[in-house]
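First to last, the protein sequences are chains A and B.
Residue numbers for the first sequence follow my numbering, beginning at 39 and rising by one.
Residue numbers for the second sequence follow my numbering, beginning at 2 and rising by one.
The block underneath contains the structure these notes are about, expressed in structure tokens.
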Amino acid sequence: MRISHLLIGLLILVMSSSVWSEVFIVVSKDSDISNLSQKEVTDIYMGRTQSFPNGSLAFPLDQAAQSRVRENFYKILVNKTPAQINAYWSRLLFTGRASPPRVISDPALLLSAIEQNRSAIAYVDGSMLSNSVKVVAHVK
Amino acid sequence: MSSKQPESLSSRLAFTIAASSLLIIIAASFVLYRISFEEQVRQTESTLDQLVNTVRTASAIAAYVGDTELAKEVVDGLTSNDIVDGALLITSQKVLYSAGDAAEGGFSRRFNLISPFDESEKVGELVISPNRELIKQSAAASARRLVFTMIIYTLIILGILVSLVNWQFTRPIKKLANQLHRVLPGSDDRLACPDMHRDNEIGRLVTDTNQLLESVQHTLAQERNLRQVVDQLQKKFRLIFESASSGIALIDYEGRVQVCNASFAKLFGSRYLGNGDNTEPLSLAYSFRDVDHFHDIMMQVKADSLPVEADLEVNAEQGQATKWFHCLISKVANEEIGSFLELVVYDVSERANRERQIQKAAEHDPLTQLYNRRAGEQFMQDALDAAGQNRSQCALMMIDLDRFKPINDLHGHDAGDMVLIEVAQRLINCVRGEDLVIRWGGDEFVVFLKSEKGVINSVPVAEKILRHITQPIIIDDDTEVTIGASIGIALYPQHSDQLVYLIELADDNMYQIKKDGRNDFRIAS
Numbered sequence: 039m040r041i042s043h044l045l046i047g048l049l050i051l052v053m054s055s056s057v058w059s060e061v062f063i064v065v066s067k068d069s070d071i072s073n074l075s076q077k078e079v080t081d082i083y084m085g086r087t088q089s090f091p092n093g094s095l096a097f098p099l100d101q102a103a104q105s106r107v108r109e110n111f112y113k114i115l116v117n118k119t120p121a122q123i124n125a126y127w128s129r130l131l132f133t134g135r136a137s138p139p140r141v142i143s144d145p146a147l148l149l150s151a152i153e154q155n156r157s158a159i160a161y162v163d164g165s166m167l168s169n170s171v172k173v174v175a176h177v178k
Numbered sequence: 002m003s004s005k006q007p008e009s010l011s012s013r014l015a016f017t018i019a020a021s022s023l024l025i026i027i028a029a030s031f032v033l034y035r036i037s038f039e040e041q042v043r044q045t046e047s048t049l050d051q052l053v054n055t056v057r058t059a060s061a062i063a064a065y066v067g068d069t070e071l072a073k074e075v076v077d078g079l080t081s082n083d084i085v086d087g088a089l090l091i092t093s094q095k096v097l098y099s100a101g102d103a104a105e106g107g108f109s110r111r112f113n114l115i116s117p118f119d120e121s122e123k124v125g126e127l128v129i130s131p132n133r134e135l136i137k138q139s140a141a142a143s144a145r146r147l148v149f150t151m152i153i154y155t156l157i158i159l160g161i162l163v164s165l166v167n168w169q170f171t172r173p174i175k176k177l178a179n180q181l182h183r184v185l186p187g188s189d190d191r192l193a194c195p196d197m198h199r200d201n202e203i204g205r206l207v208t209d210t211n212q213l214l215e216s217v218q219h220t221l222a223q224e225r226n227l228r229q230v231v232d233q234l235q236k237k238f239r240l241i242f243e244s245a246s247s248g249i250a251l252i253d254y255e256g257r258v259q260v261c262n263a264s265f266a267k268l269f270g271s272r273y274l275g276n277g278d279n280t281e282p283l284s285l286a287y288s289f290r291d292v293d294h295f296h297d298i299m300m301q302v303k304a305d306s307l308p309v310e311a312d313l314e315v316n317a318e319q320g321q322a323t324k325w326f327h328c329l330i331s332k333v334a335n336e337e338i339g340s341f342l343e344l345v346v347y348d349v350s351e352r353a354n355r356e357r358q359i360q361k362a363a364e365h366d367p368l369t370q371l372y373n374r375r376a377g378e379q380f381m382q383d384a385l386d387a388a389g390q391n392r393s394q395c396a397l398m399m400i401d402l403d404r405f406k407p408i409n410d411l412h413g414h415d416a417g418d419m420v421l422i423e424v425a426q427r428l429i430n431c432v433r434g435e436d437l438v439i440r441w442g443g444d445e446f447v448v449f450l451k452s453e454k455g456v457i458n459s460v461p462v463a464e465k466i467l468r469h470i471t472q473p474i475i476i477d478d479d480t481e482v483t484i485g486a487s488i489g490i491a492l493y494p495q496h497s498d499q500l501v502y503l504i505e506l507a508d509d510n511m512y513q514i515k516k517d518g519r520n521d522f523r524i525a526s
């Protein structure tokens, strides 16, 4: 399992410059979650659910609003532009039921937040993968 | 029908059109209401679709996230439209928010909500109930407008139609009807055709009616002429019947007079006509001396249907001469009046009386009014024939007067005649009505006694005759004569059954008496 992840990580490293469109969904390496479907990721990120499929609390983290990876992530995940995503959240903004994922613009801070919080979930491009995080899904 | 006011064509037409229009309008109102209701429903649905499209994204998000607040916003927004009665937003698990009467009846519309991020996932439903009352109201209003328009339209058409029909048809027809009403059947009145209808059906009606009037006039004239002819003929027949000298009558089989002419009434008298009072007329049979005979004739004619002619003697009134009617009786049968007897009668009393006079003269001795010898022989022969059949007896007495010739010589022939007349009267007084008294010739008489049955006793009769004859006969105030008689008697059938021999036997015995001393009788032995 780990070897395959490494291999994939290596592969991504090799191809990172050219295949940037691949986005990885990661959690803390201590998390019980090992695998998420694209739908489960969508439901968590679009505020439909506040927990993982196993019932433990999920805490999605967003990247910088203008970042490439964010644009990529939403494009691949739900085929929406960042503007559409913003509009979506603005609709829900005052209802209180759901709130948009918390934004952590600094990639290093984002990674440490993943490491420190077993409930956290984030998306990253291949260049940011490390041993401290666990890839539970990737979208392309 | 006859007691009702005559209906007017135009009012009936207007009524009919109005009634059928009303029916059509009522039916059309229902149909129009249905149609506009459905149209309204369709319009509402289309409006709802558009409305839902404006909130589709928001409601899909609300359903996706399960956000009650957003759902409330959407639903409240929808129900603020007056065509929406109620709305309901549900996810696959629960009702997010509902407002108004969102009953999930047949009228509510359901819209599927698709996940904003996955087109293959249905995240919920938006249920909207259209405002049925509003739809109904607008449908009714729309139908009302249509019906109102239709009524106005119908009234206009009705008015135009009625006045057109009135002007074009009803008025001319009414005029013609009034004209025809005034026409006297058989007169030369004719209908006048209105100019504008000369070539159409009304014109034909006028032409045909005039032809009909023409033929009615013709027929009536013919009938009138015919009736005049019949009247004339009838008068003549009545004249024949009433002024005929013979009596003519119809009688039924009971003999009752049904109808008769004046002559008949005069012949028979009112007793048999039954007019004047209500009593049934007496049978005509009672007017004849032989009632049964007349009755038999009636029955014979009825049975044989053949006419019968007869001279019948009529009961004469007291002190009047015997009357004889010649009657011709025949049967007349007719389906209309039934079966009767026709009686044609004329008075033949004069002729009949004359005939009887002649017959009497032929049969009687003019001096004594007794049967003469020839008639006497005939009657005696008849009596013998009857006695032969009845097995009864007869007695023949030959009577010769004694001492008669000297009276003739002494007192003259008139005295002799008086004696003969007196003797004849006395002989008649000595016998019964049915016995025969005959002047045999000169001073000879024959008395013939009949008996219905049993034996005849001639002795007392002979003694009685002798007793009466020997009584004195007064010729005049100072002349009185007395005569006697010699009587010879022969009996049938003891002495003979032949008249000739009976006469001979009686004659012989009479001569025997004459020889023996006269004024006695002697029966043949």
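Quick reminder that beta carbons are idealized off the backbone N, C-alpha and C, glycines included.
Being a predicted model, the structure only gives us computed values, none of them experimental.
Original post:
Which class does B:T92 belong to by DSSP, given the choice of helix, strand or coil?
Top reply: strand
Original post:
Going by other Cβ atoms of all chains shown within 10 Å of its Cβ, with 16 needed for buried, is A:S56 buried or exposed?
Top reply: A caution first: A:S56 carries a pLDDT of 38, below 50, which makes its placement in the model too unreliable to give a value.
Original post:
Any idea what DSSP makes of B:M398, helix, strand or coil?
Top reply: strand
Original post:
What's the C-alpha gap between B:L89 and B:S37?
Top reply: 28 angstroms
**OP:** Could you spell out where the alpha helix (DSSP H) holding B:G413 opens and where it closes?
**Re:** It is not in any alpha helix (DSSP H) - B:G413 carries neither H nor E in the DSSP assignment.
Original post:
Using the beta-carbon count (16 or more within 10 Å), is B:P282 buried or exposed?
Top reply: buried
Subject >> Three-state secondary structure assigned by DSSP to B:R392 >> reply: coil
Subject >> Every unbroken alpha helix (DSSP H) within the region 35-109 of chain B, with a cutoff of 4 residues, ordered by chain >> reply: 69-80
**OP:** Say whether chain A places a C-beta atom closer than 8 angstroms to the C-beta of B:V66.
**Re:** yes
Subject >> Below-8 angstroms beta-carbon distance, B:R57 vs any chain A residue >> reply: no
Original post:
Taking Cβ positions only, does B:L71 come closer than 8 angstroms to chain A?
Top reply: yes
Subject >> Beta carbon proximity, B:I91 to chain A, threshold 8 angstroms >> reply: no
Original post:
Counting contacts by CB-CB distance shorter than 8 angstroms, is A:K67 in contact with chain B?
Top reply: no
Subject >> Of the listed residues B:A263, B:V258, B:A193, nearest to B:L528 (C-alpha basis) >> reply: Residue 528 of chain B falls outside the range modelled here, since chain B spans only 2 to 526, and no answer is possible.
Subject >> Segment limits, beta strand (DSSP E) that includes B:R440 >> reply: 437-442
Subject >> Through-space distance from B:P308 to B:R290, alpha-carbon basis >> reply: 21 angstroms
Subject >> 7 angstroms Cβ cut-off: residues of chain B touching A:A179 >> reply: Past the edges of chain A, shown from 39 to 178, lies residue 179 of chain A, and the structure says nothing about it.
Original post:
chain A beta carbons: is any one of them nearer than 8 angstroms to that of B:I115?
Top reply: no
Original post:
Taking the alpha-carbon positions, what's the A:N124 to B:S143 distance?
Top reply: 48 angstroms
Original post:
In the region 68-96 of chain A, which residues sit with their C-beta less than 8 angstroms from some C-beta in chain B, listed in chain order?
Top reply: K77, T80, M84, G85, R86
**OP:** Counting only the same chain and skipping the five closest in sequence on each side, list residues whose C-beta sits under 7 angstroms from that of B:I252.
**Re:** V258, Q259, L285, F341, L342, L344
Subject >> Extent of the continuous alpha helix (DSSP H) run through B:G248 >> reply: Taken as a continuous stretch (DSSP letters only), B:G248 belongs to no alpha helix (DSSP H), being part of the beta strand (DSSP E) at 248-252.
Original post:
Residues of chain A with CB under 8 angstroms from B:F108, in chain order?
Top reply: The contacting residues do not exist; B:F108 stays about 30 angstroms from chain A at best.
Original post:
Name the DSSP beta bridge partners of B:F265, please?
Top reply: Answer by DSSP bridge pairing: none, since B:F265 is not bridged.
**OP:** Consider the Cβ of A:L147: report whether some Cβ of chain B lies at a distance smaller than 8 angstroms.
**Re:** no
Original post:
How do the region 462-474 of chain B and the region 423-431 of chain B stand: do at least 3 beta-carbon pairs fall below 8 angstroms, yes or no?
Top reply: yes
**OP:** Assuming B:L162 and B:A19 form a contact by the criterion Cβ under 8 angstroms, report the distance between their Cβ atoms to the nearest whole angstrom.
**Re:** Going by Cβ atoms, the distance from B:L162 to B:A19 rounds to 10 angstroms, so no, they are not a contact pair.
Original post:
Where does A:H37 sit, in a helix, a strand or coil, going by DSSP?
Top reply: Outside the shown range of chain A (39 to 178) lies residue 37 of chain A, about which nothing can therefore be said.
Original post:
Counting along the chain, where does the beta strand (DSSP E) carrying B:G489 start and finish?
Top reply: 485-493
**OP:** Look at B:V124 and B:Y65 and say whether their C-beta atoms are less than 8 angstroms apart.
**Re:** yes
**OP:** Quick one: give me the first and last residue of the alpha helix (DSSP H) that B:E295 is part of.
**Re:** Residue identity differs from the one stated: residue 295 of chain B is Phe in this sequence, not Glu. 292-305 is the extent of the alpha helix (DSSP H) around B:F295.
Subject >> Alpha carbon of B:F488 to alpha carbon of B:I504, nearest angstrom >> reply: It is worth fixing the name first, because residue 488 of chain B is Ile in this sequence and not Phe. The straight-line gap from Cα to Cα measures roughly 12 angstroms.
Original post:
If you run the structure through DSSP and keep just helix, strand and coil, what is A:F90?
Top reply: coil
**OP:** Give the range of the alpha helix (DSSP H) segment to which B:S244 is assigned.
**Re:** 202-244
Original post:
Buried or exposed: where does B:A59 fall if 16 or more other Cβ atoms within 10 Å of its Cβ makes it buried?
Top reply: buried
Original post:
Count the other CB atoms within 10 Å of the CB of B:M511; is the residue buried (16 or more) or exposed (fewer)?
Top reply: buried
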